[in-house]
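Peer 1: I'd like to ask you about the structure that follows.
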Amino acid sequence: MTLSNSHYQKILNTYTKNATLISPEKEFHFFLRAYKASGNSRYREVLSRGIKENKLPRLKKEIVAIANSSSLKKPEISPKRPGINNERNRRRQLLYSKYPLLPLFHDLTNSLFFFQKLGLDQAFPELFNQGIAHLKNHLSIAPLLLTEETFLIDSSYGANTLFHLRFLGVVDVTKEYLVLAKKTFVEGFYATPEILSDEDLYSAFYTLTHIVIAASDFYRQTPPENFSWIFEYLEKHRSLALEKLSLDIQFEIALCFKIMNFQDRFSIAYQEYLTHIQTVFFLDTQAPLEYLEKKEHTASIALLLFSPSSTFFLDPDLSKEIL
């Protein structure tokens, strides 16, 4: 089955029409990926507005917060609730209560990563360098992400943070992280996904997709690593993934084949994922804004997957628009 151009156009048209009506966070998330999928220069204005109104103030707050990290309060722990991912989120809250600097380290690393990707380190060099200096001052956090406990609880955030640190030139411990990841999936906790709880099954596949996406510097390039072991896992357990996982994660899995240019190498598995998601995916273009907000992440991933180009466009340099 080939990629659906009709899905691509419907997603793009629907969110472009509602651009200013959805939340700033959702708007920026979608149109950064829309730019990567299409290269359309008119999205630069939307992204610049998101930087000025949301991302820049957030980075400033994060720098102030980490500068005063000695007075950080431990997060409150939510009571146990039933439902997918609630226990996983609770375990993460417990981890953050033990290491209250960790979520702030994640957030600051993420903000600086996107600032550099979009050329904003040139527009705000003093602010950017200040943020980098704080990361370097708190590098004791990085080894924490290389422990099995943290990997199982905070793996997707950990993948993003460690590959972002590599991109930023702060520190590179991604080889050590990947050794831990491979061991966990090949012979450790995630090696037999059939016996995992629904929550841990979600975490397993979500972690794999985020390793590939983070290593690609969020669709910037084909990762330099050979991730055959990841795709062998995705291939071997595809029936389980298609039966048990959400459409959102199934889209991320299919997108990972495109990121690595593995559509032919793992053609049978890729086609099964692709056939399933194209059959199931539906976007109600007449639905209220609440629906579009809820569906935005899936729509963004679908847009990248369904984009006509086999590769993605380079990130826009927004330094001149912002100043």
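Note that the sequence shown covers residues 46 to 368 in my numbering.
For every residue, glycine included, the Cβ atom is placed at its ideal position computed from N, Cα and C.
Model, not experiment: these values are computed from the prediction.
The alpha helix (DSSP H) that contains Glu-280, what's its start and end?
Peer 2: On the sequence shown, position 235 is the one that residue 280 refers to. Taken as a continuous stretch (DSSP letters only), the alpha helix (DSSP H) holding Glu-280 covers 273-281.
Peer 1: Would you kindly work out how many angstroms separate the C-alpha atoms of Ser-273 and Leu-292, rounded to a whole number?
Peer 2: Position 228 of the sequence shown, counted from the first residue, corresponds to residue 273. Position 247 of the sequence shown, counted from the first residue, corresponds to residue 292. Using only the alpha carbons, I get a separation of about 23 Å.
Peer 1: So is Arg-211 buried or exposed if we call it buried at 16+ other beta carbons inside 10 Å?
Peer 2: Here residue 211 refers to the residue found at position 166 when the sequence shown is read from its first residue. By the 10 Å Cβ count, Arg-211 comes out buried.
Peer 1: Taking only the alpha-carbon atoms, compute the straight-line gap between Leu-165 and Pro-333 and give it to the nearest angstrom.
Peer 2: By 1-based counting over the sequence shown, the position of residue 165 is 120. By 1-based counting over the sequence shown, the position of residue 333 is 288. Using only the alpha carbons, I get a separation of about 34 Å.
Peer 1: If Glu-98 and Leu-153 are in contact, beta carbons under 8 Å, what's the gap, nearest whole angstrom?
Peer 2: In the sequence shown, residue 98 corresponds to position 53, counting from 1. In the sequence shown, residue 153 corresponds to position 108, counting from 1. About 19 Å separates the two Cβ atoms, so there is no contact after all.
Peer 1: Using only alpha-carbon positions, find the residue among Arg-89, Phe-234 and Pro-148 that is nearest to Ala-110.
Peer 2: The residue you call residue 110 lines up with position 65 of the sequence shown. Closest option to Ala-110, Cα to Cα, is Pro-148.
Peer 1: Can you name, in chain order, every residue of its own chain whose Cβ lies under 7 Å from the Cβ of Leu-328, other than the five neighbours on each side?
Peer 2: Here residue 328 refers to the residue found at position 283 when the sequence shown is read from its first residue. The answer, listed in chain order, is Lys-55, Ile-56, Thr-59, Lys-340 and Ala-344.
Peer 1: Note the first and the last residue of the continuous alpha helix (DSSP H) segment covering Tyr-41.
Peer 2: With the chain running from 46 to 368 in the structure shown, residue 41 is simply not present.
Peer 1: For Ser-352 versus Tyr-144, is the C-beta distance shorter than 8 Å?
Peer 2: As a working note, residue 352 is residue 307 in the sequence shown. As a working note, residue 144 is residue 99 in the sequence shown. For Ser-352 and Tyr-144, no; Cβs fall outside 8 Å.
Peer 1: Candidates Glu-90, Ser-201, Leu-157 and Asp-199: which alpha carbon is nearest Lys-181's?
Peer 2: Looking up residue 181 in the sequence shown gives position 136. Considering only alpha carbons, the answer is Leu-157.
Peer 1: On the DSSP letters alone, give me the boundaries of the alpha helix (DSSP H) that Leu-428 sits inside.
Peer 2: Outside the shown range of the chain (46 to 368) lies residue 428, about which nothing can therefore be said.
Peer 1: Which of the three DSSP states is assigned to Arg-265 in this structure?
Peer 2: For the purposes of this step, residue 265 is taken as the residue at position 220 of the sequence shown. Reduced to three states, the DSSP call for Arg-265 is coil.
Peer 1: Go through its chain and collect everything with a Cβ distance to Gln-167's Cβ below 7 Å, but skip five positions before and after it.
Peer 2: Translated into positions along the sequence shown, residue 167 becomes position 122. The residues are Ser-364.
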